[in-house]
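Participant: Below is a structure I'd like to ask you about.
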Amino acid sequence: MKADELENIWQAYDEKLAQSLELNIKVLEKIEGQQVHRSFNALIRFKRFAILFGFPWNAFLLFLLYYTWREPFFAISAVLLVIINTYAMVEYAKQIRVIRRINFSNAISITQEQLTWLHISVIRTFKIIFLQLPLWTVFYIKIPLLAGAGWSYWIIQSLVTLLSIFISVWLYRNISAKNAGSKWVKALIWEDGGKSIEKATRFMQEIEEFKKEIL
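Sequential numbering from 0 applies to the sequence shown in numbering that gives the first Met the number 0.
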């Protein structure tokens, strides 16, 4: 057998091997990608429900505000709750849009950018939501109640409100991208997108490692 014939056979073998490896990568991407997309689909359903629930909840708060606007504690609390809820709903809508655009067939840099934005958005939204905690400790206060309250009420009310302010501020400052790797931050955002993002990131890493091993 001549050298050029051997070279042609070897080249044909290389081409078939490359095609086989490419097919294996595509099969892996499809199987693992389906699992990741199922996780993202569940997340979309959750966020869609939160958005749909947010509309009647905000409407209910505004309805109460219309009849109780003269009560300063409730009025301020209701307005701030509506603002925080609306912010969360808008962020959820943006997150759903980004999730729908994630395609693991795209360049890895594009998908990484989408996952990074999604992760930051989830963390940012979660920390904003915690700012409403102190509002739930004061919304029910009425001026006549304060006028006739004794020292025990003032002490208990002040302690509860100050504690809630401390907790919400601490959470706002510490739930951040900087602390995203800590166990407690992961646990907080796990069901709000952390689990799906981690699955997608791990999947991308596996694909890249597999490509490096076989190419």
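C-beta atoms are modelled at their ideal positions from N, C-alpha and C, and glycine is treated no differently.
Note that the structure is a prediction, hence the values are computed from the model and not measured.
If the criterion is Cβ atoms closer than 8 Å, does the pair Leu42 and Ile83 meet it?
Facilitator: It is not a contact, given that the beta carbons lie outside the stated cut-off.
Participant: So which of Trp68, Leu117, Phe165 and Glu112 has the shortest CA-CA distance to Leu93?
Facilitator: For the sequence presented, residue 93 should be read as Lys rather than Leu. The residue with the shortest Cα to Cα distance from Lys93 is Leu117.
Participant: So what does DSSP say about Lys93, is it helix, strand or coil?
Facilitator: Lys93 falls in the helix class under three-state DSSP.
Participant: Would you call Leu51 buried or exposed, if buried means 16 or more other Cβ atoms sit within 10 Å of its Cβ?
Facilitator: Burial call: exposed.
Participant: Assuming Pro152 is part of the alpha helix (DSSP H), what are its boundary residues?
Facilitator: In the sequence as displayed, the identity of residue 152 is Tyr instead of Pro. Segment Trp150 to Asn173, the alpha helix (DSSP H) holding Tyr152.
Participant: Spatial neighbours of Lys46 within its chain, please: C-beta separation below 7 Å, excluding the five flanking residues on both sides.
Facilitator: Cβ within range, chain order: Tyr91, Gln94 and Ile95.
Participant: Apart from the five residues on each side of it in sequence, which residues of its chain come closer than 8 Å, Cβ to Cβ, to Thr160?
Facilitator: Answer for Thr160: Pro133, Thr136 and Val137, listed in chain order.
Participant: Using only the alpha-carbon positions, how far apart do Phe48 and Ser157 sit?
Facilitator: Approximately 35 Å between the Cα atoms of the pair.
Participant: Let me know if Ala196 comes out buried or exposed under the rule of 16 or more other beta-carbons within 10 Å of its beta-carbon.
Facilitator: Per the sequence presented here, residue 196 reads as Ile, with Ala not at that position. By the neighbour-count rule (16 or more Cβ atoms within 10 Å), Ile196 is buried.
Participant: Thr124 to Arg172, Cα distance in whole Å?
Facilitator: Rounded to the nearest angstrom, the two C-alpha atoms are 13 Å apart.
Participant: How many Å lie between Tyr152 and Ser181 at the Cα?
Facilitator: Spanning the two alpha carbons is a distance of roughly 38 Å.
Participant: If you draw a straight line from the C-alpha of Gly192 to the C-alpha of Phe73, how long is it?
Facilitator: Answer to the nearest angstrom: the Cα atoms are 32 Å apart.
Participant: For Ile119, I'd like the list of residues in its chain whose CB is within less than 6 Å of its CB, leaving aside the five on either flank, ordered along the chain.
Facilitator: Within the same chain, Ile119 has close Cβ partners Ala176.
Participant: Along the alpha helix (DSSP H) that carries Arg123, what are the first and last residues, could you check?
Facilitator: Here the alpha helix (DSSP H) through Arg123 covers Ile107 to Ile128.
Participant: Quick one: grab the DSSP three-state call for Trp68.
Facilitator: The answer is coil: DSSP assigns Trp68 none of H, G, I, E or B.
Participant: What is the rounded straight-line gap between the Cα of Ala87 and the Cα of Tyr139?
Facilitator: In a straight line, the C-alpha of Ala87 is about 24 Å away from that of Tyr139.
Participant: So for Ala238, helix, strand or coil by DSSP?
Facilitator: There is no way to answer for residue 238, as the model of the chain reaches only from 0 to 214.
Participant: To which residues of the same chain is Val184 closer than 7 Å at the C-beta, ignoring the five residues directly before and after it?
Facilitator: Answer for Val184: Ile174 and Asn178, listed in chain order.
Participant: Let me know the secondary structure DSSP gives Asn102 once reduced to three states.
Facilitator: Coil at Asn102, not helix or strand.
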